[in-house]
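>
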Amino acid sequence: MKIHLENVVKTFESFQAVKGVSLDIESGELVALLGPSGSGKTTILRMVAGLEYADGGAIHFGDQDATDIPVRDRGVGFVFQHYALFPHMTVADNIAFGMKVSKVKRDRAAIDSRVADLLRLVRLEGLGDRFPAQISGGQRQRVALARALSVDPKVLLLDEPFGALDANVRRDLRRWLREIHSELGITTLFVTHDQEEALDLADRVVILKDGQIVQQGTPQEVCRDPKSAFVMKFLGDANVIAAEVKDGRAHVGGLSIEAAGVADGRGELYARPRDIDWSVEGPGIAAEITRVLDRADGRRVLATTGAGEALEFDVEPERVVKAGDAGFVTLRRAKVFCATLRLP
Amino acid sequence: MSTVSTRRKPPRVGDAPLFRRLMIGIVVVLVALVIIAPLVIIGVEAFSKGWQLYRDTVIHPDTLHAVMLTVLAALIAVPVNTVFGIAAAWAITKFDFWGKRFLLVVIEIPFSVSPIVAGVAYLFVYGLQGLFGPWLDAHDIKILFAVPGIIIASMFVTAPFVARELIPLMQAQGRDLEEASTSLGASGWRTFFSVTLPNVKWALLYGVILCNARVMGEFGAVSVVSGNIRGQTNTLPLHIELLYHDYNATGAFAAASILALIAVFTIIAKVALERQGAGRVRKTDNPAEKTS
Chain F
1 MKIHLENVVK TFESFQAVKG VSLDIESGEL VALLGPSGSG KTTILRMVAG
51 LEYADGGAIH FGDQDATDIP VRDRGVGFVF QHYALFPHMT VADNIAFGMK
101 VSKVKRDRAA IDSRVADLLR LVRLEGLGDR FPAQISGGQR QRVALARALS
151 VDPKVLLLDE PFGALDANVR RDLRRWLREI HSELGITTLF VTHDQEEALD
201 LADRVVILKD GQIVQQGTPQ EVCRDPKSAF VMKFLGDANV IAAEVKDGRA
251 HVGGLSIEAA GVADGRGELY ARPRDIDWSV EGPGIAAEIT RVLDRADGRR
301 VLATTGAGEA LEFDVEPERV VKAGDAGFVT LRRAKVFCAT LRLP
Chain V
345 MSTVSTRRKP PRVGDAPLFR RLMIGIVVVL VALVIIAPLV IIGVEAFSKG
395 WQLYRDTVIH PDTLHAVMLT VLAALIAVPV NTVFGIAAAW AITKFDFWGK
445 RFLLVVIEIP FSVSPIVAGV AYLFVYGLQG LFGPWLDAHD IKILFAVPGI
495 IIASMFVTAP FVARELIPLM QAQGRDLEEA STSLGASGWR TFFSVTLPNV
545 KWALLYGVIL CNARVMGEFG AVSVVSGNIR GQTNTLPLHI ELLYHDYNAT
595 GAFAAASILA LIAVFTIIAK VALERQGAGR VRKTDNPAEK TS
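As you go down the protein sequences, you meet chains F and V in turn.
According to the working numbering, the first sequence is numbered sequentially starting from 1.
According to the working numbering, the second sequence is numbered sequentially starting from 345.
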């Protein structure tokens, strides 16, 4: 089912949570709404679900205007961040609930066999008799997904589905959700504030800030070509170095970096920690190492430039560096944006 | 080094032996003096003149009538306040509306107002000189010094019990469960009976039991509005006072023993329910184990 949002607006009392969002989600697509807290991503999801109503604009499911259809009749499957499993029902009863209350009547045998199918799909065979309190967080989230899928929703919506789980479980569930999606091909929209999760899982990432979409595209598009400093910073660690932009090139410490389309004047260089090289001799931006952090996959160096900017970058594990070393950094890759804030 | 095991460990914070004994001692003495002794006296005095007199007092028509009236008041006031409590808790925890905080405070008023004040207030509302008094009199409706007055006064005093038990629980549960239920296609009624109610049932029952105990034991408010007519508008607590004023101490204690018995059953039911309730809380709060 194709979803189309047209200039959707939502205001809570005096706070405008969503300021005119238009978005198209293709049938069968897996889309992430990514943004910091307060960016309106959950509100958008809840409006698509019908748990909140838009103050303005329209939401279409296929050819149908779904803007004012109540959640009960909207035919969406919603997975809550804290699972929202019914604690007084067994896992099987939780999954069967939607079929039992449905206007489409099914007999007991049909419900039981569908529950068994869903338990198999979420790999929880044999746990049907347990209560939610007796299973782990990851298992609960899988039950929540099975329950949402039980009513054959047109659209699957997930609100921070892995937010309450620890890192390893999260990674496993992410891969697993991707598999389920490929298997069922159901149009899926999920909300996350974790950029890694969004990039790992989604066909397309929609990045939100202050109730507006700032950029959308495939993970490759948004990672390789962030359109703003906000997106650059939000997608991962980024070093910021003040630079002077002239005739489409940014200049700092003897380095010259491509900056097509950036107005002349003050600019900011954004570089990922892996895109910074360290050498004892110039040319480059003079810097002094303040601290070295050893990590499983290399060494993270914290340094300060001559201008007082803090830098973080990675060097190979064998590299001999220590706090107090002076040297120069060069940039393998960097994005240049107009200066947004005055640096000291 | 084995010095660690032989050395006396200092007590944990707040666990000094003297302090501990002092605290436990104070509590035990106070409980014995304030709670246990009076209860024992009720039992002893009730039977002090023998089983026969006890039986006579209990099956005396006036006593039986008082018991019936008390039960009647409970049978009406408790269900009404249960429905009120559920509605109030639902409104406060699931909706946002103007004046919500005010409503919360108003619901608590019966707890903070002395029941006798409520009784006097009812006199001024429904009494002959009161607000609706003349109108009620003209239509020949008797509220004060009659059964309706007793029931209304009981309802006032016990209005907060159910709501008070439900509100914190329903607040903690949030709206997720109801939203999940609705998104799965359940109607409002279905959601209420299949999802909301089962999750608050122990707290609800707990509130109902406390409410019932209070209705049956209420003295102050009822005393003002009932008129104390023996065999007509006398509830059990009022009857006890009457017997006592008749210098029938044994009779008063015998009647009191009925109330005490109700109290004992209430306590047992309450403890049993707390077990259930506590079990539920412990289960849901149990942090998840690592997933398989």
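Yeah, the Cβ is synthetic: ideal placement off N, Cα and C, and Gly gets one too.
Please classify Arg291 of chain F: does DSSP put it in a helix, a strand, or coil?
Three-state DSSP puts Arg291 of chain F in a strand.
> Applying a beta-carbon distance threshold of less than 7 Å, which residues of chain V neighbour Ser102 of chain F?
Gly529
> Assign Gln195 of chain F to one of three DSSP states: helix, strand, or coil.
helix
> Less than 7 Å between CB atoms is the rule here; does Val151 of chain F satisfy it with respect to chain V?
yes
> Within 7 Å (strictly less), CB to CB, does Val71 of chain F reach chain V?
yes
> Taking 7 Å as the CB-CB cut-off, is Thr437 of chain V touching chain F?
no
> Report yes if the C-beta distance between Gly32 of chain F and Ala286 of chain F is below 7 Å; otherwise report no.
The sequence given here places Ala at residue 32 of chain F; Gly does not occur at that position. The answer is no: Cβ separation not under 7 Å.
> What is the rounded straight-line gap between the Cα of Ala600 of chain V and the Cα of His88 of chain F?
Distance between the alpha carbons of Ala600 of chain V and His88 of chain F is about 41 Å.
> Taking DSSP's pairing of strands, which residues face Trp176 of chain F in a bridge?
Note: Trp176 of chain F sits in no beta bridge, so no partner.
> Rounded to the nearest angstrom, what separates Val79 of chain F and Trp442 of chain V at their Cα positions?
31 Å
> For Lys486 of chain V, count the other beta carbons within 10 Å of its own beta carbon; 16 or more makes it buried, fewer makes it exposed. Which is it?
exposed
> With a CB to CB cut of under 6 Å and the five nearest residues on each side skipped, what residues in its chain are close to Phe455 of chain V?
Pro504
> Taking the alpha-carbon positions, what's the Gln141 of chain F to Ala490 of chain V distance?
58 Å
> Using a Cβ distance threshold of 8 Å, determine whether the region 529 to 537 of chain V contacts the region 99 to 111 of chain F, with at least three qualifying pairs required.
yes
> Does Tyr270 of chain F pass the burial test, meaning 16 or more other C-beta atoms within 10 Å, or should it be called exposed?
Buried: at least 16 other Cβ atoms inside 10 Å.
> Kindly indicate which three-state DSSP category Gly306 of chain F falls into: helix, strand or coil?
coil
> Taking the straight line between their C-alpha atoms, what separation do you get for Lys393 of chain V and Leu580 of chain V?
Near 21 Å, if we compare the C-alpha coordinates of Leu580 of chain V and Lys393 of chain V.
> Have a look at V:Met514, V:Ala435, V:Ile494 and V:Glu523 and flag the residue whose alpha-carbon is nearest the alpha-carbon of Ala462 of chain V.
V:Ile494
> List the whole-angstrom C-beta distance separating Ile111 of chain F from Val143 of chain F, where the pair is believed to meet the contact cut-off of C-beta under 8 Å.
Wrong, their Cβ atoms sit about 16 Å apart, outside the cutoff.
> In chain order, what residues of the same chain lie with their CB nearer than 6 Å to the CB of Asp264 of chain F, ignoring the 5 residues before and after it?
Val245 and Lys246
> Should Ala381 of chain V be labelled buried (16 or more other beta-carbon atoms within 10 Å of its own) or exposed?
The Cβ neighbour count for Ala381 of chain V, taken over all protein chains shown within 10 Å, is under 16; the residue is labelled exposed.
> Helix, strand or coil, according to DSSP, for Ser150 of chain F in the structure here?
coil
> May I ask you to list the residues that DSSP assigns as paired with Trp278 of chain F?
F:Val329
> Please state the DSSP three-state secondary structure of His88 of chain F.
coil
> Give me the chain V residues within the contact set of Val76 of chain F, using Cβ-Cβ distance strictly less than 7 Å, ordered along the chain.
Ser527
> What in chain F is Cβ-close to Glu523 of chain V, meaning under 8 Å?
Neighbours of Glu523 of chain V in chain F, taken as residues at a C-beta separation under 8 Å, are given in chain order as Leu51, Val71, Phe78, Phe80 and Ala84.
> Note down, one range per segment and in chain order, each alpha helix (DSSP H) of at least 4 residues found wholly within the region 502 to 528 of chain V.
Those alpha helix (DSSP H) runs which fall completely within the region 502 to 528 of chain V and span 4+ residues are 504 to 517 and 520 to 527.
> Between the Cα of Ile606 of chain V and the Cα atoms of V:Leu541, V:Tyr398, V:Ala432 and V:Ala557, which residue gives the shortest distance?
V:Ala557
> State the Cα-Cα distance for the pair Arg445 of chain V and Asp152 of chain F, rounded to the nearest angstrom.
41 Å
> For Gly98 of chain F, go through chain V and note every residue whose CB falls closer than 7 Å to its CB, in chain order.
Leu528 and Gly529
> Taking the alpha-carbon positions, what's the Val76 of chain F to Phe162 of chain F distance?
19 Å
> Would the beta-carbon of Arg300 of chain F fall within 7 Å of that of Asp314 of chain F?
yes
> Three or more C-beta pairs under 8 Å: does that hold for the region 565 to 577 of chain V against the region 464 to 484 of chain V?
With a cut-off of 8 Å, the region 464 to 484 of chain V and the region 565 to 577 of chain V count as touching, because enough Cβ pairs lie within range.
> Could you tell me whether the Cβ atoms of Val329 of chain F and Ile276 of chain F are closer together than 7 Å?
yes
> Provide the residue(s) that pair with Leu208 of chain F in DSSP beta bridges, ordered along the chain.
F:Ile213
> Can you give me, in chain order, the residues of the region 467 to 497 of chain V that have a beta carbon less than 9 Å from any beta carbon in chain F?
none
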